[in-house]
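Okay, structure first, notes after.
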């Protein structure tokens, strides 16, 4: 545990049988909830504690119920460890908001499966994707933190132009490119990328809609270099009330370090 | 069960406790293996038998070990059923190839999580994606079935131009657009789309490489209309030996019915 906000907020207490206790604060969500990427990263950190490889090359989380601040339990099941890849599952359970810890049954909030390996030294062999073309962070606008969204205070954002939704005028184009980093200067690593892919406003805000994640898959492609991370987010298809969102994270050296896709439900 | 190859090959015998027995033939893989999408679809079919909603809106499969023809068991765990969405997990286990069924321990081959809902009547509300621009199937070339790849006989493929890899000259561009349908005329449905996203040659054949799937996520966006399915496959980033492959399936009415992304290991 390093002395940064994320590490303190995901401090895990190991119990028997690969179980971990963690208490979520109200600082990693908003409106009484907890951010989905944050819960995913807490589960990934618990899995990392029991697997023999350091990097979560692919993680999938199924969002069963909204998370809330309070005591939580992460039960980890190592599934298989091979020569280069290891697999595990994590189940995050919580007590319903306001329920007394004694007597109430914990309910599963998030089911995570993950494959871990070692991506140190991974170098690109083929690339048809390029980093977002963004002005230097110093030449970008800070995206104002939202007073009532505690989560937005955990990160610093720099945008080339302020998004339409921020001015109350959604552009109709659900895509965005911007810089992000932890507000307290914590360097990103492969364990926090599953949080950062979900740390920006949903692209569908530009459609005047809100979004509830059903499933989020993250590929971690390389270890990030220190510094600002360049992000590209886009929703390309909305149908029957469901939408996907793709997210790319490129590090300060111009390397693709994470890709994610989520399926989410549109709401107003 | 309808009287088509896929349905017979995935005939499930329900045992106690949401367990299902299924015997894989040697007709849905090659080189002694079983196709990953086929195993995923078998698990999705088992999950569909226990959940209250018909369509797998998102499915994630972790490929723990290679699958092989022979007896298999799918253990389904319903996780949560809400008002519009239900979640479940499936674990597919097999005996090692050549091992006697008695005495040998079954080993888990595939771990699947899925969310089901009802996408009947889903219509597009926003689209920044368009269907592949392909000549009519009748004006395309049939892609020859490979004599030693039984799996390739389960589908019919129509391509605008023969791919480089098929002539032994990989193009260096790992992407493709083509038509596909079941060879025996079975209509695709939302339960078979998780197979069809993995039913074509990997795009990285155009890099002169082969591919081993680690994880495959499928979003089912709509119920497919009858007829040929237009597909778009692309690998856009290869790094440290890992690559992603994105796959889209558009039905004959021009509707996006499935999107998938897999993380896979490159091999020679």
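Residue numbers (my numbering), protein chains in the order written: chain A, 981 to 1248; chain B, 981 to 1248. Note that beta-carbon positions come from the ideal geometry of N, C-alpha and C, so glycine has one too. Given the structure is predicted, the values throughout are model-derived calculations rather than measurements.
Counterpart residues of residue i in DSSP-defined beta bridges
{"i": "residue 1223/B", "result": "1218/B and 1244/B"}
{"i": "residue 1041/A", "result": "1092/A and 1196/A"}
{"i": "residue 1141/A", "result": "Answer is none; residue 1141/A lacks a bridge partner."}
{"i": "residue 1073/A", "result": "1053/A and 1088/A"}
{"i": "residue 1002/A", "result": "1052/A"}
{"i": "residue 993/A", "result": "1001/A"}
{"i": "residue 1153/B", "result": "Answer is none; residue 1153/B lacks a bridge partner."}
{"i": "residue 1211/A", "result": "1158/A and 1229/A"}
{"i": "residue 1135/A", "result": "1162/A"}
{"i": "residue 1239/B", "result": "1199/B and 1228/B"}
Residue i versus residue j: straight-line alpha-carbon distance, rounded
{"i": "residue 1232/A", "j": "residue 1113/A", "result": "12 Å"}
{"i": "residue 1206/A", "j": "residue 1168/A", "result": "7 Å"}
{"i": "residue 1032/A", "j": "residue 1096/A", "result": "8 Å"}
{"i": "residue 1110/B", "j": "residue 993/A", "result": "49 Å"}
{"i": "residue 1089/A", "j": "residue 1098/B", "result": "22 Å"}
{"i": "residue 1009/B", "j": "residue 1209/B", "result": "21 Å"}
{"i": "residue 943/B", "j": "residue 1229/B", "result": "No statement about residue 943/B is possible, as the shown extent of chain B runs from 981 to 1248 and does not include it."}
{"i": "residue 1264/B", "j": "residue 1012/B", "result": "Outside the modelled stretch of chain B, which goes from 981 to 1248, sits residue 1264/B, for which no answer is possible."}
{"i": "residue 1130/A", "j": "residue 1007/A", "result": "5 Å"}
{"i": "residue 1185/B", "j": "residue 1154/B", "result": "7 Å"}
{"i": "residue 1163/A", "j": "residue 1201/A", "result": "23 Å"}
{"i": "residue 998/A", "j": "residue 1024/A", "result": "13 Å"}
{"i": "residue 1195/B", "j": "residue 1219/B", "result": "16 Å"}
{"i": "residue 1030/A", "j": "residue 1063/A", "result": "16 Å"}
{"i": "residue 1044/B", "j": "residue 1192/B", "result": "11 Å"}
{"i": "residue 982/A", "j": "residue 1050/A", "result": "22 Å"}
{"i": "residue 984/B", "j": "residue 1183/B", "result": "28 Å"}
{"i": "residue 1160/B", "j": "residue 1243/A", "result": "25 Å"}
{"i": "residue 1065/A", "j": "residue 1094/A", "result": "10 Å"}
{"i": "residue 1199/B", "j": "residue 1234/B", "result": "17 Å"}
{"i": "residue 987/B", "j": "residue 1073/B", "result": "20 Å"}
{"i": "residue 1003/A", "j": "residue 1240/B", "result": "34 Å"}
{"i": "residue 1176/A", "j": "residue 1017/A", "result": "7 Å"}
{"i": "residue 1152/B", "j": "residue 1187/B", "result": "5 Å"}
Residue i, buried or exposed, once every other Cβ within 10 Å from all chains shown has been counted against 16
{"i": "residue 1101/B", "result": "exposed"}
{"i": "residue 1132/A", "result": "buried"}
{"i": "residue 1203/B", "result": "buried"}
{"i": "residue 1069/A", "result": "buried"}
{"i": "residue 1147/A", "result": "exposed"}
{"i": "residue 1123/A", "result": "buried"}
{"i": "residue 1036/B", "result": "buried"}
{"i": "residue 1056/A", "result": "buried"}
{"i": "residue 995/B", "result": "exposed"}
{"i": "residue 1041/A", "result": "buried"}
{"i": "residue 1078/A", "result": "exposed"}
{"i": "residue 991/B", "result": "exposed"}
{"i": "residue 1126/B", "result": "exposed"}
{"i": "residue 1071/A", "result": "buried"}
{"i": "residue 1119/B", "result": "exposed"}
{"i": "residue 1174/B", "result": "buried"}
{"i": "residue 1165/A", "result": "exposed"}
{"i": "residue 1142/A", "result": "exposed"}
Within chain A, the residues that residue i reaches when beta carbons sit closer than 9 Å
{"i": "residue 1069/B", "result": "1042, 1069, 1091 and 1093"}
Contact list for residue i against chain B, beta-carbon separation under 9 Å
{"i": "residue 1108/A", "result": "1153, 1154, 1155, 1214, 1215, 1216 and 1217"}
Interface residues of chain B facing residue i [CB-CB closer than 7 Å]
{"i": "residue 1099/A", "result": "1220"}
{"i": "residue 1243/A", "result": "1037, 1038 and 1199"}
Interface residues of chain A facing residue i [CB-CB closer than 8 Å]
{"i": "residue 1085/B", "result": "Neighbours of residue 1085/B on chain A: none; closest Cβ ~13 Å, over 8 Å."}
{"i": "residue 1102/B", "result": "1219, 1220, 1221 and 1222"}
Contacts of residue i in chain A (Cβ-Cβ under 7 Å)
{"i": "residue 1224/B", "result": "1199 and 1239"}
{"i": "residue 1105/B", "result": "1218 and 1219"}
{"i": "residue 982/B", "result": "Within chain A, no residue comes near residue 982/B; the closest Cβ sits about 25 Å away, beyond 7 Å."}
Chain-ordered chain B contacts of residue i [CB-CB under 8 Å]
{"i": "residue 1059/A", "result": "1042, 1044, 1088 and 1091"}
{"i": "residue 1236/A", "result": "1217 and 1219"}
Heavy atom of the ligand SAM within 8 Å of residue i beta-carbon
{"i": "residue 1193/B", "result": "The ligand SAM is not part of the structure shown, which contains no ligands of any sort."}
Discussion item. Tell me which residues of the segment 1186-1219 of chain B have at least one Cβ-Cβ distance to chain A shorter than 9 Å, keeping chain order.
Written reply: The residues in question are 1187, 1194, 1195, 1197, 1199, 1201, 1202, 1214, 1215, 1216, 1217, 1218 and 1219.
Worksheet item: What residues in the segment 986-1017 of chain B bring their beta carbon closer than 7 Å to a beta carbon of chain A?
Response: Here the close residues number zero.
Worksheet entry | Interfacial residues, the segment 1152-1183 of chain A to chain B, with Cβ spacing under 9 Å | Within the segment 1152-1183 of chain A, the residues whose Cβ lies closer than 9 Å to some Cβ of chain B are 1152, 1153, 1154 and 1155, listed in chain order.
Fill in: Near-chain A residues of the segment 1119-1135 of chain B - C-beta to any C-beta below 9 Å
If the cut-off is 9 Å between Cβ atoms, the segment 1119-1135 of chain B has nothing near chain A.
Fill in: Near-chain B residues of the segment 1023-1051 of chain A - C-beta to any C-beta below 8 Å
Only 1037, 1038, 1040, 1042, 1044 and 1045 from the segment 1023-1051 of chain A bring a Cβ to less than 8 Å from some Cβ of chain B.
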